[in-house]
Structure formats: structure tokens, C-alpha cells
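Trainee: One structure follows; several queries about it will come next.
Chains as they are written, first to last, in our numbering: chain A, 6 to 240; chain B, 6 to 240.
And the structure:
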């Protein structure tokens, strides 16, 4: 089992350890979700490989000046570089330093929420640790999973990392401006997404050129959460 | 703890579970290493993010027709795409399908070795699961760790994923042909590597143009392992 993250061969990890950790995580995730809903805040779990452009998506969204009020937490093993980039772009952000863990869990997000005024928000983004495997498995209390998949990563990634793409509600095909230099086979990429995602939905996106921004903002608007006052008192 | 990989918040995973798994893994890793050394085979653990170009490095190495006899195993959650690419390039290769786990462990490699004739090899490459966190933690019995870091991933990755880069003996800065389209700040990237790697060593590499191939082959030659006959009988 990982010194850093607790990863292990699932055959070697006692089943009861798995189950109790999952049950504990799911309870906190349900609490987080209730909390977001109570304040009418859409919560997103933004995942993807290291360097897939998760932070750049949020920076570009902030630059679009849509009036959508966004805040974020960024998970990383070390450094607060992403949160500083987001703050500089106008998105209030905090860092969750995992030190070792290769993903965020519901309790980490819950602790971070104590520093966030949800009444001032429309969208709360959890920018997960860069990892195309483990983050998909933990419920954080989000309403939707968004995966940033850079076109530089290759067309086969949905097939090779199916756990992540089975859980994705939306895939942003980032760095599309680089596609002409790569010879990306978009048909193959789309087929891989269709073969893996239960409800295939993707947007070709470039933080640099603005490609896909309109579709991304329309998707965000369509996902808006209406506050449920009764639940708001649940905290 | 992950349904897929056993990842968990290290604070929640019992210490004794950690320790017994690590001890078991290290025993098998030592056995693997003895085995490689007995046959005079250099064993490499090739790691990097999804889409960082690990397979492409090996394909390009095969195309260079150096006479170095290489075989490989490729770890992936699903598909045998990488092993098929390697076979097509002339590198005997097998797939280790992890199904769920986000990294390989020594036992998985040990089982794969039963199908490999080490007497016919100079170099055995374990192409790990695409993941910049967990694979660094497990000893597989390799002699050296090579990390493929694509220049598309951003200059900050060594700082943000220090566990991986602290363990790296060599970093291949892959997809260097794309650098002009990205505005890569190589000074910042090199500083990040120097700040993280105990003995900083990197090669700018492009599987497409051949940049860095000569330096990579020289590094490989410098690492050649001489057979230790006494150990060869240890199996």
C-alpha cells in the first residue's frame, strides 16, 4: 500500500477496510451535497490528468466575465500554485494540500467549505488532484463530474481509463488549438468517448482561443441548482 | 478507500495494513531485482502521466535499431493497446491489466516475468500505469526509474508531484517538437526539476523528430547490468 496515498492491490486490502472507508466518505459527501443544494450552489468535481488544463479552464471561464459567481478549491500534493492562479484570475480559491494522497475525499472538501460563503456563489468547483484513475471513485458531494482531457494525451485514453470516463457527465477536450500540430483523430477520440461514457457529452475547448467557451457556459447554465431552503438548515 | 485501486486517505488506513503490504511488496521486488541481475538485464520502471508518451519513447527506441534487446510489460486498467503498439514496433511485450489498480506492484511484475526469457534480453522495461502519483511508491525490482514528462503538461509538474520526481533517475522531456507551439519556459521547467530531483538528469526528447535519442541510448548503455552468475541460480 502506498506510503503516499494508501493505494494498494485491492486483493491485498481487507474488504472491511474498503467498506468502512467508503461508508464514511459517502456520509460526508451526502452532507456536502445537501449543503450545496441548500444554498443553490452547483458543485462540480473537475478531474483530469496532470497538465490536462483544469486550472486553465477555470481561468478562461473567469475571463469570460459571465456574471456567474464561482469559487474553487484546488487539490495538489504540494504547492498552492493553482489556487494562486485562480485568485489572480478573479476566482476565490483555496488549496487542499494532500501531501501524499492521489485524490480528494469528502472530508477534505467538507473542511474547506468552512471557509467558503456559499450564499455568495453560483458554482463551486473542486479541482481534484491531477490523476485519471483514483479521483473518479470518491464521491465529494458534487452534482456533476467534469473531466478535462487534453487532445495531446491521445485518442485512446477513455478506453484505457474507463473508470474515470464512465463517471463523467461532461468531457472538455482541452488544448484543441494544438490539434493541427498533433494530427488528432477526432473520430477515434469521439468513438472512444461514446464507447465509455454512459451519456456521451463533450465540448472541444481551448482556453487559449476561446473555442468551446459558449457551449461550456451553456452547459453550466443548464446545470444551475435551485436553492432548497429546508435543506439549508441541515448543517 | 478506492473501489478501483485501494487508494485512501492515509490517515484512515490502518498503519499495520500499510506496513504488511509494503513489506510483502518489497520482498517480491528484491526477488525480481535479483532475477534481473542474475541474467544481466537492466530493469527500468517507466512512469508518467496518461498520454505523456511512454509507449512512444519505446517505439522510437525500437526504430533506432541499436541492437539493444528490449522487452516490456505495459500496465493499464483496460485494453492491451500499448503492448500491441510495442509488438508492432518489434518489442516483445505483454499487458498487465490492473482492472482497477492505479499502479503496478512487484507481484504483478513477478507473474509477468514467468513469460519472459531474460537470457535473450539486455533491457526489460515495465511501462507503468499512467499516473504521476502512485506508481513512484512501489518498488518493482527495477534498477532505475525513468519518468516521461511531456512538455505539454506545464513547467510546474515536478513541484506539484514531488513524490514522483524525487524518485526519478532520469526524466525524458517528451513531445519537445511541440514546444514552439506552447511557449514552454524551459528555464522554469529545469529549475523545477533541479528543485525536486536528488540528482537532476533530464533529456529533451521527441519520438517524432528523434531529438534526444542519442542521449537516451547513451544513458541506457551507461546503465547496462553485468550478469551475476551466483544470483542467477536464486530463482
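Ideal Cβ placement from N, Cα and C applies to all residues, glycine included.
Within 8 Å (strictly less), CB to CB, does residue 186/B reach chain A?
Mentor: yes
Trainee: Run through DSSP, which three-state label would residue 66/A get?
Mentor: helix
Trainee: For residue 43/A, count neighbouring Cβ atoms within 10 angstroms of its own Cβ and tell me buried if that reaches 16, exposed if not.
Mentor: buried
Trainee: What residues of chain B sit near residue 83/A, judged by a beta carbon separation below 9 Å?
Mentor: Correct list: 164, 165, 166, 167, 168.
Trainee: Note down, in chain order, every chain A residue with its Cβ under 8 Å from the Cβ of residue 157/B.
Mentor: 56, 155, 157, 180, 183
Trainee: Let me make sure I understand the geometry here. Which of 140/B, 156/B, 158/B, 157/B has the alpha-carbon closest to that of residue 173/B?
Mentor: It is 140/B.
Trainee: Which same chain residues, not among the five before or five after residue 113/B, have their C-beta less than 6 Å away from its C-beta?
Mentor: 101
Trainee: Touch check for the stretch 123-141 of chain B and the stretch 162-171 of chain B: three-plus C-beta pairs under 8 Å?
Mentor: Counting Cβ pairs under 8 Å, three or more are found: they touch.
Trainee: Could you check what DSSP says for residue 99/A in three-state terms: helix, strand or coil?
Mentor: strand
Trainee: Does residue 22/A have its Cβ less than 8 Å from a Cβ in chain B?
Mentor: yes
Trainee: Whole angstroms are fine: how far does the CA of residue 119/B sit from the CA of residue 143/B?
Mentor: 20 Å
Trainee: Straight-line CA distance for residue 193/B to residue 83/A?
Mentor: 17 Å
Trainee: Is it a yes or a no for the stretch 147-166 of chain A touching the stretch 179-199 of chain A, going by three-plus beta-carbon pairs under 8 Å?
Mentor: yes
Trainee: Starting from residue 24/B, trace the alpha helix (DSSP H) in both directions and tell me its first and last residue.
Mentor: 20-43
Trainee: I'd like to confirm the pairing. Which residues does DSSP put opposite residue 81/B in its beta bridges?
Mentor: 102/B
Trainee: With a cut-off of 8 Å, does the C-beta of residue 138/A fall near any C-beta of chain B?
Mentor: yes
Trainee: Are three or more beta carbon pairs between the stretch 62-71 of chain B and the stretch 215-225 of chain B nearer than 8 Å?
Mentor: yes
Trainee: Does the beta carbon of residue 161/A sit closer than 8 Å to a beta carbon anywhere in chain B?
Mentor: yes
Trainee: What are the residues that DSSP puts in a beta bridge with residue 153/B?
Mentor: 53/B, 177/B
Trainee: If we call anything under 8 Å between Cβ atoms a contact, is residue 56/B one with residue 146/B?
Mentor: Against a cut-off of 8 Å, the Cβ pair of residue 146/B and residue 56/B comes out as no contact.
Trainee: Taking the alpha helix (DSSP H) that residue 130/B belongs to, which residues open and close that run?
Mentor: Not the alpha helix (DSSP H): residue 130/B falls in the beta strand (DSSP E), residues 128-132.
Trainee: Ends of the beta strand (DSSP E) at residue 4/B?
Mentor: Summary: the structure shown does not reach residue 4/B, with chain B confined to residues 6 through 240, and so no result is reported for it.
Trainee: Using the Cα positions of residue 153/B and residue 34/B, report the straight-line distance between them to the nearest angstrom.
Mentor: 22 Å
Trainee: Could you spell out where the alpha helix (DSSP H) holding residue 114/B opens and where it closes?
Mentor: That run of the alpha helix (DSSP H) goes 111-118.
Trainee: If contacts are defined as beta-carbon pairs under 8 Å, then residue 87/A and residue 60/A qualify, I think. What distance do you get, rounded to the angstrom?
Mentor: 5 Å
Trainee: Buried or exposed: which applies to residue 132/B, given that a residue is buried once 16 or more other Cβ atoms fall within 10 Å of its Cβ?
Mentor: That one is buried.
Trainee: What do you get for residue 21/B, buried or exposed, if any count of 16 or more other CB atoms within 10 angstroms of its CB means buried?
Mentor: exposed
Trainee: Would you decide whether residue 229/A is buried or exposed? Buried here means 16 or more other CB atoms lie within 10 Å of its CB.
Mentor: Classification of residue 229/A: exposed, given that the 10 Å Cβ count is below 16.
Trainee: Mind checking if residue 126/A is an interface residue toward chain B, Cβ cutoff 8 Å exclusive?
Mentor: By this cut-off, residue 126/A is not an interface position.
Trainee: Closer than 6 Å by C-beta to residue 52/A: which residues in its own chain qualify, once you throw out the five before and the five after it? Chain order, please.
Mentor: 133, 140, 152
Trainee: Expressed to the nearest angstrom, what Euclidean distance is found between the alpha-carbon atoms of residue 209/A and residue 162/A?
Mentor: 16 Å
Trainee: Short check: CB of residue 164/A to CB of residue 206/A, under 8 Å?
Mentor: no
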